[in-house]
Structures are given as structure tokens and as C-alpha cells.
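Here the structure is laid out as C-alpha cells; the discussion comes afterwards.
Protein chains: 2
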Amino acid sequence: MRFVEKLLNASRKNNSLVCVGLDTDPQRIPRHLLKEEDPTFAFNQKIIDSTSDLACAYKPNMAFYEAQGSRGWESLKKTCEYIPEEIPVIIDAKRGDIGNTARMYAKAIFEELKGDAVTVNPYMGQDAVSPFLEYEGKCALVLCLTSNEGAKDFQLSLVDGKPLYEIVAEKVLSWNEKGNCGLVVGATHPEQLKRIREIASTLPILIPGIGAQAGDVESTVKFGTDENGELAIINSSRGILYASQQEDFDQAARNEALRLRDAINLHRGK
Amino acid sequence: MRFVEKLLNASRKNNSLVCVGLDTDPQRIPRHLLKEEDPTFAFNQKIIDSTSDLACAYKPNMAFYEAQGSRGWESLKKTCEYIPEEIPVIIDAKRGDIGNTARMYAKAIFEELKGDAVTVNPYMGQDAVSPFLEYEGKCALVLCLTSNEGAKDFQLSLVDGKPLYEIVAEKVLSWNEKGNCGLVVGATHPEQLKRIREIASTLPILIPGIGAQAGDVESTVKFGTDENGELAIINSSRGILYASQQEDFDQAARNEALRLRDAINLHRGK
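Chains as they are written, first to last, in my numbering: chain A, 25 to 294; chain B, 25 to 294.
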């Protein structure tokens, strides 16, 4: 099955565009979990259990696991295995390196962790992305316009009168021969999201920046979805994970995921 | 001690600008090592033992270790610990993410692995790099112009008549308030390396692309070093590691590192 099909299946089954970002920080999980053998995994299990009928995807960010060394890798691997088979796992890694090396990252993410998709940095160009695209059933979501302040440093630069992020979107579209490319566009740039969706009408777009980063839900849905009101993967991490730091954290996470799902669906075309 | 001092000390002691890239691939190491408990680490130990008087730095590339999962992380961690204290360890990770997440990568690389420097991707701008710069004794080597074919896709784009990689070099220079920034420039672009060295006269420049990628030694040294013939970190990975795949691989690696060191020194100003 192609990634887009798997995504659409999960999204339709759960009537949801919500991606739950598993940026699990041991400093922020409820204290009572610290007595568990693997607190990070124990936390993730509870979050997954309480949101798996509300999510179209899960997105663990590798940085949070790597900060815990090999132990973190084990937590991440167990988490990826624990996510229900029908829900896509997006490994947020923002990798990019020469072909020889990118092949190793692809192996780590698609074979070792068995992720369904990966986020990739475009700066090194096509041959840094193509090793990920050799996996036909997987997906490379390429950074286009990111949600952070620093996006303005280079991504908004005008190249022949056109912003760099548009050139990235066009290039990624040209790399999409196997139908396994996508884009990452921050919810903090609604006008630009609209323009990018026009360029890449059929690509899945991962949209972080809702919640802690204050992107607007209505414009994100309006401009980020395709003509069927689909293919936008709207991520919330901290907003869901840390909705409560008490024993009821999983119920609070569920409530927040439900609230976000419904707020999004209010603005979907179909 | 600042990174640049540590680098210069090692470089002067060993009279070398050679960085040994530890891109250790279990598929390519000599067969007799596969019976070791940790073949990757056993290989790295031998390589380090045979080159530590010839190198100014070691540069493990994280992709090769991550492809082996948590086991690879353990091999990497042991390798970083094994490298002699006086020789800087550059973790080639090409990371870049929003501040909240970049802090976790910085923790992974500078605290968990105890690296001295890291390679960083500039696409997400200043706030994706600055968490690495909060570590004053460490160094962030920012991708400027990479050695691969795909460098042309975006890095050579003209922004107001100036190539993007020059804008990156200028920005990085402006971020260098604590004196802990550097650049990555491929040896495959000698003319551009010359221009970048003019812009960033005092920054360390990591230069991959010698050897397997066919960059020219003479122009790399001539254009990549500072006015004292220093601060270029000229990396060779596959050329050294896989000089032989027999039992004498460590001696062959030493011979190749020695040959490269001397070829480089032939062209150094001082």
C-alpha cells in the first residue's frame, strides 16, 4: 500500500486530520511514570491508547529519543511497534545527507524503525532525498516553509523573484515520480500555505505549528487541505501530550485531541 | 577550551589537517571482525589506534550508526569515548529543527555522545542553529556548499545576484558571537571555496569530498586554509577506512592517512 492510501484510510476511518506528535520529554511526563522501567514508552503507550481512534498519524520526533541515547532508541522503536498497524507513523527526523549516507538514514528509519514516512531537509538537493524515495511504499515529507522564526532567514529569499520555498515545492513535485513525496509547511504561514497547496495540489502536507506555536486552525484547514478536504496532516505535539501533567494525562490528551479534531472538522469542505 | 583551540592544538601536534571520517558500514569491514561482540566498535578502535598521530579530528557520521539501531548508538558512544581526549570529535549529523527540538539534538550530541562539534543544516535559520551555539566550548559547523550533485538544486540559487551559499556564509559569520561557528564546504567546488574563505577568514571549515568524491587536494588546501595554512578540516572517510578489507586494514588505513596528510602538507603555506 502506498503511504497516501494508508494515510487516507486512517484519516477517513477516524474522521480526522490530527497528527499526534510524540515529542516525549522525560522532564515533562507525569512524575508517577518515572517508576516504570521505560517511562518514555509507558507515557507513549497511554497517549496512543487514548488517541488512536482520533488520529490520522503519529509523529515521533527523533531528537527527543536521541537525547536519551541508546535507551531512547529502544523507547522509540517500541513506540513505533506499538502504534496500531493501520495508522501511519511519520518519523520526524529532518534528515539530509549525500546519497551514500542518506541511504543509511533511510535504512534506519524505514527498516530499523519501520516508519511509514520521514521528514527530510531539502538543502542538499535531489540526491539527498532520492534514497528515501526508493522505498515506494514509504513517503518523504520535504521541509518547504517551516513554522519557526528562522524560516525568514533563507526560505523566504527571492530567487528570480520567487521565494525559495516555492522553488522547493516545485522541485519536490518534479521528484514525485513514484507518488511518494510530500511537503512540510508551518501553520504559522497561512497565505504561503495557500500558494503551496496550489502548486502541490495532490501532495500530502504535514502542517506543524498549531497549538504551542499558535497557528490558526481555520486558515490551516482552509488552505492546507486538498480539494476533498483531505491530505493535510495537522500536527499537535505539546498541546496534546502535556494537556495535563497529572495521573489523568491520557484523558486530558484525549480531550485535547478530540477538541482539535472537531475544531478542524468544523472547517473542512467535505 | 574553545573548539578552535582544541582543533589547532591537535592539528599542530600531529602536523595534520586530515579528519578521519568514521562512516563505518558493517557490510564493508573486514570479515574477520564480524566475530567480535561489537564489530563496528572493534573496527573503529583499530582505525583510531592506527591514525591518532596523523589526524586533526575524527568525524563519525551518525547515519551509519543509526542504521544499526540502539546497538549502533552504543557503538558510536563507545567510539566517541575511545577517541583520545586531545583530538576533537565532530559528530556529522546535519541536524536542524525548531529551537525546542534542536535543544534535544544538542543534548544528544554534546552531552550524551560528548562530541566537540556537530554539523548543522541552515535551511531552518538562526533559531534552529542557536541551541547548539549555547554550548560555548563546542562548535556548530553549518552546511554552506555541499560536495554532492544536488548542491546545485538550491545552494547555487541567486538571491539578489548572490548565491545562496554566500548568504549562508555571511549569516553564519553574524551568528558567531561566541566564536563557536564554522562552515562545511565540499572540496568539489574549489572556486567557491576560495570565495567562502574570503568571507569567513577566521572560521574553521570542514571540507569533505576528497577521495571517493574526487575533490582536488591542491586547490582544497590553497583555498580552504586560513592565512596561516590552518583551520581547514579536510575529511576522508571511505578512502581511509576501506583502503584494505583484509586483516591489514588498519595498516592500510594508516598508510592512506599518512599519504593524504603529506599530500596536504605539501601545499600548505606554513
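Just so it is clear, CB atoms sit at the ideal spot from N, CA and C, and this is done for glycine as well.
Using a Cβ-Cβ cut-off of 8 Å (strictly less than) and excluding sequence neighbours within five positions of residue i, which residues of its own chain qualify?
i	result
residue 171(B)	210, 211, 212, 213, 232, 233, 237 and 239
residue 101(B)	136 and 137
residue 66(A)	57 and 60
residue 110(A)	30, 33, 34 and 37
residue 94(A)	none
residue 92(B)	50, 64 and 99
In three-state terms, what does DSSP make of residue i?
i	result
residue 35(B)	helix
residue 133(A)	helix
residue 119(A)	strand
residue 261(B)	coil
residue 290(A)	coil
residue 230(B)	strand
residue 114(A)	strand
residue 211(B)	coil
residue 256(A)	strand
residue 242(A)	helix
residue 267(A)	coil
residue 109(B)	coil
residue 218(A)	helix
residue 174(B)	coil
residue 225(B)	coil
residue 138(A)	coil
residue 160(A)	coil
residue 235(B)	helix
residue 274(A)	helix
residue 29(A)	helix
residue 125(A)	helix
residue 279(B)	helix
residue 201(A)	coil
residue 248(A)	helix
Per DSSP, residue i is paired with what?
i	result
residue 186(A)	183(A)
residue 206(A)	165(A)
residue 144(B)	119(B) and 166(B)
Exposed or buried, what is residue i when buried is set at 16 or more other beta-carbons lying within 10 Å of its beta-carbon?
i	result
residue 52(B)	exposed
residue 226(B)	exposed
residue 150(A)	buried
residue 119(A)	buried
residue 221(A)	buried
residue 45(A)	buried
residue 242(B)	exposed
residue 290(A)	exposed
residue 195(A)	buried
residue 86(A)	buried
residue 251(A)	exposed
residue 254(B)	buried
residue 198(B)	exposed
residue 176(A)	exposed
residue 235(B)	buried
residue 190(B)	buried
residue 185(B)	exposed
residue 272(A)	exposed
residue 146(A)	buried
residue 228(A)	buried
Give me, in chain order, the residues of the same chain whose beta-carbon lies closer than 7 Å to that of residue i; leave out the 5 immediate sequence neighbours on both sides.
i	result
residue 27(B)	112, 140, 141, 161, 162, 163 and 204
residue 90(A)	96
residue 127(A)	155
residue 270(B)	54
residue 288(B)	41, 42, 241, 245 and 258
residue 178(A)	188
residue 183(B)	191
residue 103(B)	46, 65, 68 and 84
residue 285(A)	40, 42 and 78
residue 223(A)	190, 193, 194 and 197
residue 108(B)	76
residue 134(B)	159 and 162
Which residues in the same chain have their Cβ closer than 6 Å to the Cβ of residue i, if we skip the five residues on either side of it in sequence?
i	result
residue 264(B)	44, 277, 280 and 281
residue 70(A)	274
residue 215(A)	none
residue 81(B)	43, 112, 114 and 257
residue 25(B)	none
residue 218(A)	247
residue 124(A)	none
Length at least 4, wholly inside the stretch 42 to 100 of chain B: the alpha helix (DSSP H) runs in chain order: 63 to 75 and 86 to 90
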